[in-house]
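S.K.: The numbering of the sequence shown is my numbering, which starts it at 6 and goes up by one. There's a structure below that I have some questions on.
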Amino acid sequence: MEKKKDVLPRIPGAGVCAQCGTPLDPGDFFCPACGRKAEVRTQTRSHKYIFFIVPAAILLMLIGLASLTIYHWVDNITLYDTEVSLHVGNKTFLLYDISPERNRAKKVTWSTSDEQVAFVDEDGYLEAVGAGECVITAKAGWKSDEVTVTVSPGPDFERLYWLYCDEMWATVGYDGSYLLIDDNPYDWDEYRDSEADAAIFIINDSLGLPDSLWIDMCQTSWSMGRQSETFGDVNVSWTYHPDRGLEVRYKYAEW
């Protein structure tokens with residue numbers, strides 16, 4: 006009788022030879038490379054797919070970060086003015102535009118090349134400090150723009166007139182030496198032009214004059230006559246009459 010050969014059980018699933026690492030097919034009892042009895046080092050399903058799952062997760066994360074960065078990416082920031090001329094004590098806002106439009110709320114950082122000439126705060130509010138020239142830089146994201154600021158001594162009444170006044174109730178000197186505002190130019194009984202009063206308040210602030218000055222103006226009566234105070238380069242005088250309203254004159258102190 007023929008002796009039965011030892012029959013090894015079929016190897017479930019694919020694997021690799023434990024000796025030499027050669028891939029084995031299901032049913033291989035001996036390694037086709039080294040000829041040794043097959044001892045299977047199986048590859049579990051989790052090991053098979055981990056090489057796809059981890060890179061895919063990292064790729065999705067990178068895509069998400071890239072999308073977020075692109076959404077908040079600033080293409081450009083542009084200041085409305087390339088040059089600004091002010092007089093010492095003048096204040097103004099620097100206006101700008103950011104593109105694309107969806108990023109207009111992005112934080113803008115401001116800096117000045119010389120705080121002795123002009124100072125700018127975090128909102129782009131510029132104040133002329135001393136005579137000279139400096140550069141103001143606005144930066145959003147990786148983009149920036151610059152404006153050159155030239156500061157001259159003394160107040161610029163002509164600029165204040167064109168910014169805040171109306172010819173119906175304000176007058177500026179041809180030589181720029183004074184600015185006159187009358188909140189009741191037609192002398193109507195018990196009338197005060199609200200726009201003229203607002204202009205006086207704003208001009209006081211633009212010239213760096215104290216808040217108490219506006220209070221003093223409002224509390225002046227007709228019997229007190231014309232009042233006058235000097236603040237640095239600016240002389241301010243005012244008078245009030247019930248029938249003629251409040252009249253304020255700004256003048257360069259040395260003129």
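Note that CB positions come from ideal geometry on N, CA and C, so glycine has one too.
Leaving aside the five residues before and after Trp-227 along the sequence, list all residues of the same chain whose C-beta is less than 7 Å from its C-beta, in chain order.
M.R.: These residues qualify, in order along the chain: Tyr-245, His-246, Pro-247.
S.K.: From what residue to what residue does the beta strand (DSSP E) around Trp-115 run?
M.R.: From DSSP, the beta strand (DSSP E) with Trp-115 extends over 114 to 117.
S.K.: For Pro-28, which residues does DSSP report across the bridge?
M.R.: Pro-28 pairs with Val-21.
S.K.: Alpha carbon to alpha carbon, how far is Ala-143 from Phe-162?
M.R.: Roughly 27 Å between the two C-alpha positions.
S.K.: Please report the residue range of the alpha helix (DSSP H) in which Asn-189 lies.
M.R.: It is not in any alpha helix (DSSP H) - Asn-189 carries neither H nor E in the DSSP assignment.
S.K.: Is Pro-158 near Ala-136, with beta carbons less than 8 Å apart?
M.R.: Contact flag set, yes.
S.K.: Could you pull the DSSP bridge partners for Glu-252 from this structure?
M.R.: BP columns for Glu-252 point to Asp-187, Thr-244.
S.K.: Spatial neighbours of Tyr-169 within its chain, please: C-beta separation below 7 Å, excluding the five flanking residues on both sides.
M.R.: Answer for Tyr-169: Ala-204, Ile-207, Ile-208, listed in chain order.
S.K.: Leaving aside the five residues before and after Tyr-196 along the sequence, list all residues of the same chain whose C-beta is less than 8 Å from its C-beta, in chain order.
M.R.: Answer for Tyr-196: Asn-189, Gly-250, listed in chain order.
S.K.: Pick out whichever of Asp-126, Val-113, Cys-139 has its Cα sitting closest to the Cα of Glu-88.
M.R.: Of the candidates Asp-126, Val-113, Cys-139, the one whose C-alpha sits nearest the C-alpha of Glu-88 is Cys-139.
S.K.: With burial defined as no fewer than 16 other Cβ atoms inside 10 Å of the residue's Cβ, what is the status of Met-222: buried or exposed?
M.R.: Buried, by the Cβ-count rule.
S.K.: Check this for me: beta carbons of Val-122 and Trp-115, under 8 Å apart or not?
M.R.: No. Outside cutoff.
S.K.: Could you tell me which whole alpha helix (DSSP H) segments of length 4 or greater appear in the stretch 127 to 199?
M.R.: For the stretch 127 to 199, whole alpha helix (DSSP H) runs of length 4 or above, ordered along the chain, are 162 to 169.
S.K.: Below 8 Å between beta carbons: does that hold for Asp-128 and Leu-84?
M.R.: Not a contact, by the Cβ cut-off of 8 Å.
S.K.: Reducing DSSP to helix, strand and coil, say where Ser-217 ends up.
M.R.: Reduced to three states, the DSSP call for Ser-217 is helix.
S.K.: Nearest-angstrom Cα distance between Asp-80 and Ile-103?
M.R.: About 8 Å.
S.K.: On a Cα-Cα basis, can you pick out the residue from Tyr-255, Leu-218, Arg-41 that is closest to Tyr-267?
M.R.: The shown model of the chain, from 6 to 260, leaves out residue 267, and the question about it has no answer.
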